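Working notes, beginning with the structure itself.
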Amino acid sequence: MTSHAEEHPVRRDADTLRARIDADFPRTVEELKALVAIPGIAWDSFDPARLDESAAAVADLVRGLGLDDVRILRVDNDGRPGGPAVVARRPAAPGRPTVLLYAHHDVQPPGDPDLWETEPFKAVERDGRLYGRGAADDKAGIMVHVAALRALAEAGTDVGVTLFIEGEEEAGSPTFRTFLETHRDLLASDVIVVADSSNWKVGVPALTTSLRGLVDGTIELRVLDHAVHSGMFGGPVLDAPTLLARLIATLHDDQGNVAIDGLVAYDDAEVDYPEADFRADASVLDGVRLAGTGSIASRLWTKPALSIIGIDVPSVAMSSNTIQPSARAKFSLRLAPGQDPADAMAAVERHLAAHAPFGARVRLLPGEQGNAFAADTTAPAAQAALEAFRTAWGTEPVEAGMGGSIPFIADLTEVFPQAQILITGVEDPDSRAHSANESLHLGDFRNAVLAEALLLASL
Ligand SMILES: [Zn+2]
C-alpha cells in the first residue's frame with residue numbers, strides 16, 4: 000500500500016487537480032450533453048452519417064486538448080467497413096510510459112420510446128444525475144479522459160498518451176481485432192485504461208479485476224419428421240417443446256447450479272455482496288429464492304451461469320392441436336476466469352448428447368465465444384489506480400469482478416500481452432446502460448475524472 004504521508008506527491012497534486020476539475024466541470028458536463036445529442040449507433044439499421052458526426056465531434060473535443068496527432072480511422076473486415084474510431088497521440092518523454100485511454104462513442108439504440116421519461120438524445124439533469132442515451136455508456140468515459148487530460152495539461156505531464164475512442168463497441172466491435180493489428184504501432188502502450196465499466200455503487204469506486212467469458216449457441220431438438228394431430232397421435236410420443244423443456248431442465252441441478260460437467264467454478268470470498276443488495280439491484284420479486292451455492296460474488300463472477308435467452312416454438316396465438324416436431328432454444332453461458340471457451344462449448348455438447356430425452360435428436364449449433372479476463376492487481380499500475388480511487392473518493396475501492404463479458408478485452412490482452420489493463424468506470428448499479436432512462440451520477444463522474452488525472456500523474 001502507498002503511504003498516506005502529507006508529502007506524498009499524489010496527495011499534494013490532488014487538491015490542485017480537484018480545484019481545476021471543479022472549475023472546469025460545468026463545461027465538461029455541457030460537452031457531454033453535446034455528445035449525447037448525436038445518436039451515433041453502429042448497427043446496420045441506423046444512419047451511418049450520425050456515427051460519422053459523432054466521431055467528428057469527439058475529434059474536435061480532442062483537438063482542443065493540444066494532442067496534435069488526431070485522426071479518424073476505420074478498417075474493413077471482409078469488405079465491410081468498421082465504425083469510425085478517433086485516435087490521438089502525444090508521445091512519451093524518453094524513458095516514460097505510454098498510456099492508452101479507451102472509451103467508445105457509439106451507443107445502444109434507444110429502444111421503446113414510451114419507456115423513456117425524457118428524450119433519449121437530449122441530456123437532462125435531474126437529482127444529481129444526467130439522463131440520456133450514452134450519458135453513461137460510454138460518452139462519460141470519453142469525457143473522463145478529456146477532462147482528466149485537460150486538468151493535467153497545465154501541470155505538464157510527460158507520460159505518453161494515446162486516446163482511442165472506438166465507434167462500434169455496441170455493435171460487438173466487429174473490426175476491432177483487425178483495427179488493433181493494423182494500427183499495432185500507433186496503439187502500443189504500457190498501460191491501457193478502459194473507461195467502460197461500473198463502480199461498486201454511488202460513492203464507492205471499483206476497479207474491475209475479472210470478467211467472465213462467454214459461449215452461446217442454439218440447441219435444436221427434433222422428434223418427428225412432421226407435425227401430427229395431437230388427438231390421433233398424442234400419448235405415445237412427446238412433443239418437441241416438452242422434450243426441449245426437459246432437456247433444458249437438466250442444465251441446472253435442483254439448487255440452481257449449472258450442472259454441466261467439466262466447467263471451471265470457484266469461490267471468491269474477497270467481496271461481500273449482501274443478498275438483499277443483489278435482490279434489489281436485480282429486481283428479484285419477493286418470495287423468489289436465489290439459485291446456486293457459495294457467495295453471491297462467486298455466483299456472479301467466478302462460477303458459470305447459464306441462461307436460456309430465446310426459444311423457437313409456435314406462439315400461443317399461432318398454436319394448434321398438433322404435436323410439434325421440432326423446437327430450438329438459444330443459451331448464453333457465462334464462464335469463470337480460467338475457463339477455455341472451446342472446452343466449455345465441448346462440455347455443453349457432451350452434456351446435450353448424454354441428456355437427450357427419450358432419444359430425441361439433439362444438435363448444438365455453436366455461436367459466439369469470448370475469453371474471460373483476470374487482472375494482476377499486484378501490478379504497479381493497478382496499485383496506482385486503486386490509490387487514485389482512494390484519494391478521489393475518500394473511501395476504500397472495491398476490486399470487483401464483473402459477471403458480464405467485454406469481448407474486446409480479450410483482443411487487447413492478445414494483441415498487447417505486455418500492457419497492464421485497468422478497467423475503470425463511470426456507471427453505477429442505477430445507470431441502466433442499454434436500457435431506457437440511462438443515467439450518470441454526476442458526483443461519481445467528477446470523482447472518476449479526478450481519479451484518472453491522479454493515476455496519470457502518478458505513473
Ligand atoms: Zn460501453
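In numbering that gives the first Met the number 0, the protein residues as written are 0 to 458. By construction, the Cβ of each residue, glycine as well, lies at the ideal position given by its N, Cα and C atoms. As the structure is a prediction and not an experimental result, all values here were calculated from the model.
Quiz prompt | Of the residues 158, 314, 329, the one placed nearest residue 323, counting alpha carbons only | solution = As a first step, residue 323 must be located in the sequence shown, where it is residue number 324. Of the candidates 158, 314, 329, the one whose C-alpha sits nearest the C-alpha of residue 323 is 314.
Quiz item: Going by other Cβ atoms of all chains shown within 10 Å of its Cβ, with 16 needed for buried, is residue 114 buried or exposed?
Solution: Position 115 of the sequence shown holds residue 114. Exposed: under 16 other Cβ atoms inside 10 Å.
Quiz item: Can you pull the DSSP bridge partners for residue 322?
Solution: In the sequence shown, the residue the question calls residue 322 occupies position 323. The partner list for residue 322 (beta bridge, DSSP) reads 227.
Quiz item: Within the structure, which residues are defined as neighbours of ligand 1 by a Cβ-heavy atom distance below 6 angstroms, reported in chain order?
Solution: 103, 136, 137, 168, 195
Quiz item: Any idea if residue 446 is buried or exposed, counting beta-carbon neighbours within 10 angstroms, 16 or more meaning buried?
Solution: Mapped onto the sequence shown, residue 446 falls at position 447. Buried, since its Cβ has 16 or more Cβ neighbours within 10 Å.
Quiz item: Hey, residue 89 and residue 111: beta-carbon distance below 9 angstroms or not?
Solution: Taking the first residue of the sequence shown as 1, we reach residue 89 at position 90. Taking the first residue of the sequence shown as 1, we reach residue 111 at position 112. Not a contact, by the Cβ cut-off of 9 angstroms.
Self-check item: residue 235 versus residue 321: straight-line alpha-carbon distance, rounded
Solution: Reading the sequence shown from its first residue, position 236 is the one you call residue 235. Reading the sequence shown from its first residue, position 322 is the one you call residue 321. Their backbone Cα atoms lie some 14 angstroms apart in a straight line.
Exercise. Work out the CA separation of residue 399 and residue 428 for me, nearest whole Å.
Key: On the sequence shown, position 429 is the one that residue 428 refers to. On the sequence shown, position 400 is the one that residue 399 refers to. Going from the Cα of residue 428 to the Cα of residue 399 covers about 13 angstroms.
Quiz prompt | Minimum C-alpha distance to residue 326 - residue among 238, 143, 125, 28 | solution = Counted from its first residue, the sequence shown places residue 326 at position 327. Among 238, 143, 125, 28, the Cα nearest to that of residue 326 belongs to 238.
Exercise. Look at the alpha carbon of residue 450 and the alpha carbon of residue 387, and state the distance between them as a whole number of angstroms.
Key: Taking the first residue of the sequence shown as 1, we reach residue 450 at position 451. Taking the first residue of the sequence shown as 1, we reach residue 387 at position 388. The alpha-carbon atoms of residue 450 and residue 387 are separated by roughly 5 angstroms.
Quiz prompt | Nearest-angstrom beta carbon gap, residue 96 and residue 189 [assumed within contact, 8 angstroms] | solution = Residue numbering aside, residue 189 sits at position 190 when the sequence shown is read from its first letter. Residue numbering aside, residue 96 sits at position 97 when the sequence shown is read from its first letter. Contact holds; Cβ gap of about 4 angstroms.
Practice problem: Please work out which residues of its chain come closer than 6 angstroms, Cβ to Cβ, to residue 107, disregarding the five sequence neighbours upstream and downstream, and give them in chain order. | Solution: By 1-based counting over the sequence shown, the position of residue 107 is 108. Answer for residue 107: 169, 433, listed in chain order.
Quiz item: For residue 365, which option in 332, 355, 371 has the closest C-alpha, if you only look at C-alpha atoms?
Solution: The residue labelled residue 365 in the question sits at position 366 within the sequence shown. For residue 365, the nearest C-alpha among the options comes from 332.
Self-check item: Contacting residues, own chain, Cβ-Cβ under 7 angstroms from residue 207 (five flanking each side not counted)
Solution: Counting from 1 along the sequence shown, the entry for residue 207 is found at position 208. Answer for residue 207: 196, 399, 401, 422, 424, listed in chain order.
Quiz item: Are the stretch 171-185 and the stretch 368-378 touching by the rule of at least three beta carbon pairs closer than 8 angstroms?
Solution: no
Exercise. Just grab the DSSP bridge partners of residue 76 for me.
Key: The residue given as residue 76 occupies position 77 in the sequence shown. Its beta-bridge partners are 79.
Quiz item: So, helix, strand or coil for residue 84, using DSSP?
Solution: As a first step, residue 84 is located in the sequence shown; it is residue number 85 there, counting from the start. Note: residue 84 maps to strand in three-state DSSP.
Quiz item: In the DSSP assignment, what are the bridge partners of residue 103?
Solution: Counting from one through the sequence shown, the residue named residue 103 turns up at place 104. DSSP output for residue 103 lists 165 as bridge partner(s).
Self-check item: One or two residues paired with residue 426 in a DSSP bridge
Solution: Against the sequence shown, residue 426 aligns to sequence position 427. Beta-bridge pairing links residue 426 to 197.
Quiz item: With DSSP run on the structure shown, which of helix, strand or coil describes residue 192?
Solution: In the sequence shown, residue 192 corresponds to position 193, counting from 1. Three-state result, residue 192: strand.
Exercise. Verify whether the separation of the beta carbon atoms of residue 330 and residue 299 is less than 9 angstroms.
Key: Taking the sequence shown and counting its residues from 1, the one referred to as residue 330 is at position 331. Taking the sequence shown and counting its residues from 1, the one referred to as residue 299 is at position 300. The answer is no: Cβ separation not under 9 angstroms.
Quiz item: Under the DSSP definition of a beta bridge, which residues are partnered with residue 401?
Solution: Along the sequence shown, read from residue 1 onward, the residue named residue 401 stands at position 402. BP columns for residue 401 point to 210.
Quiz prompt | Residues bridged to residue 440 [DSSP beta-bridge criterion] | solution = Residue numbering aside, residue 440 sits at position 441 when the sequence shown is read from its first letter. 128, per the DSSP bridge assignment.
Quiz item: Taking residue 378 as the reference, which of 335, 64, 40, 419 has the closest Cα?
Solution: On the sequence shown, residue 378 is found 379 positions in, with the first residue counted as 1. It is 419.
Self-check item: Cβ-Cβ distance between residue 458 and residue 158 below 9 angstroms
Solution: Counting from one through the sequence shown, the residue named residue 458 turns up at place 459. Counting from one through the sequence shown, the residue named residue 158 turns up at place 159. Result yes, Cβ atoms of residue 458 and residue 158 sit closer than 9 angstroms.
Quiz item: Taking only runs of the alpha helix (DSSP H) that begin and end inside the stretch 325-390, which ones reach a length of at least 4 residues, in chain order?
Solution: 340-354
Self-check item: Contact under 9 angstroms by Cβ, residue 165 with residue 77
Solution: In the sequence shown, counting from the first residue as 1, residue 165 sits at position 166. In the sequence shown, counting from the first residue as 1, residue 77 sits at position 78. Against a cut-off of 9 angstroms, the Cβ pair of residue 77 and residue 165 comes out as no contact.
Self-check item: Rounded C-alpha distance that separates residue 2 from residue 397
Solution: As a first step, residue 2 is located in the sequence shown; it is residue number 3 there, counting from the start. As a first step, residue 397 is located in the sequence shown; it is residue number 398 there, counting from the start. For residue 2, the pLDDT reaches just 42, beneath the cut-off of 50, and the residue's location in the model is therefore unreliable, although a value from the coordinates is still provided. Rounded to whole angstroms, residue 2 to residue 397 spans 19 angstroms at the Cα level.
Quiz item: Should residue 353 go down as buried or exposed, given a rule of 16 or more other Cβ atoms within 10 Å for buried?
Solution: The count along the sequence shown starts at 1 and reaches residue 353 at position 354. By the neighbour-count rule (16 or more Cβ atoms within 10 Å), residue 353 is not buried but exposed.
Quiz item: Apart from the five residues on each side of it in sequence, which residues of its chain come closer than 6 angstroms, Cβ to Cβ, to residue 193?
Solution: For this step, residue 193 is matched to residue 194 along the sequence shown. Only 101, 422 meet the Cβ criterion.
Exercise. Please work out which residues of its chain come closer than 6 angstroms, Cβ to Cβ, to residue 392, disregarding the five sequence neighbours upstream and downstream, and give them in chain order.
Key: Counting from 1 along the sequence shown, the entry for residue 392 is found at position 393. Contacts found: 204, 446.
Quiz prompt | Backbone CA spacing between residue 344 and residue 277 [nearest angstrom] | solution = For the purposes of this step, residue 344 is taken as residue 345 along the sequence shown, with counting starting at 1. For the purposes of this step, residue 277 is taken as residue 278 along the sequence shown, with counting starting at 1. Approximately 29 angstroms between the Cα atoms of the pair.
Exercise. State buried or exposed for residue 121, treating a residue as buried only when at least 16 other CB atoms are found within 10 Å of its CB.
Key: Translated into the one-based positions of the sequence shown, residue 121 becomes position 122. By the neighbour-count rule (16 or more Cβ atoms within 10 Å), residue 121 is not buried but exposed.
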